[in-house]
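These notes are about the structure you will find just below.
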Amino acid sequence: MVLLKKKKQEIWIFKAYDRAGKGLFYWEFGDHTRKTFKRVFERLKKWKILFYCGNHWEGFNKIISSPCLFQGKDKTFSIEQN
Numbered sequence: 000m001v002l003l004k005k006k007k008q009e010i011w012i013f014k015a016y017d018r019a020g021k022g023l024f025y026w027e028f029g030d031h032t033r034k035t036f037k038r039v040f041e042r043l044k045k046w047k048i049l050f051y052c053g054n055h056w057e058g059f060n061k062i063i064s065s066p067c068l069f070q071g072k073d074k075t076f077s078i079e080q081n
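Just so we're aligned, residue 0 is where the sequence shown starts under numbering that gives the first Met the number 0, counting upward by one.
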């Protein structure tokens, strides 16, 4: 007999953080998919953000143009602390 363990669906929090002002100015819950991040990215456009910092999740590369995207754990340390 084989028992299948149902995987839990994780909920992620996408956060937009002002590194200069040191404040969180936008967040959204959702699954960890490009579709969810695309929705977040479209909503962030109204702030005319100059650059984005993120970890090495491949979804960022598909949505944000490379000159505006800086990736690395050193770029996300401060937002992961709040």
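All C-beta atoms in this analysis are idealised placements derived from N, C-alpha and C, irrespective of residue type, glycine included. It should be emphasised that the depicted structure is a prediction, and the values quoted were computed from it without experimental measurement.
Taking a cut-off of 8 angstroms on C-beta distances, the region 48–55 touches the region 68–75, as three or more cross pairs fall below it.
Within the same chain, and ignoring the five residues on either side of Y25 in sequence, the residues whose Cβ sits closer than 6 angstroms to its Cβ are A15.
Contact between F36 and I12 is ruled out by a C-beta separation of about 12 angstroms, above the 8 angstroms threshold. Only residues of its own chain outside the window of five on either side were considered, and among them Q8, E9, I10 and W11 have a CB closer than 8 angstroms to the CB of D30, listed in chain order. F28 sits exposed, since fewer than 16 C-beta atoms from the chains shown fall within 10 Å of its C-beta. Under DSSP, the beta-bridge partners assigned to L68 are Y51.
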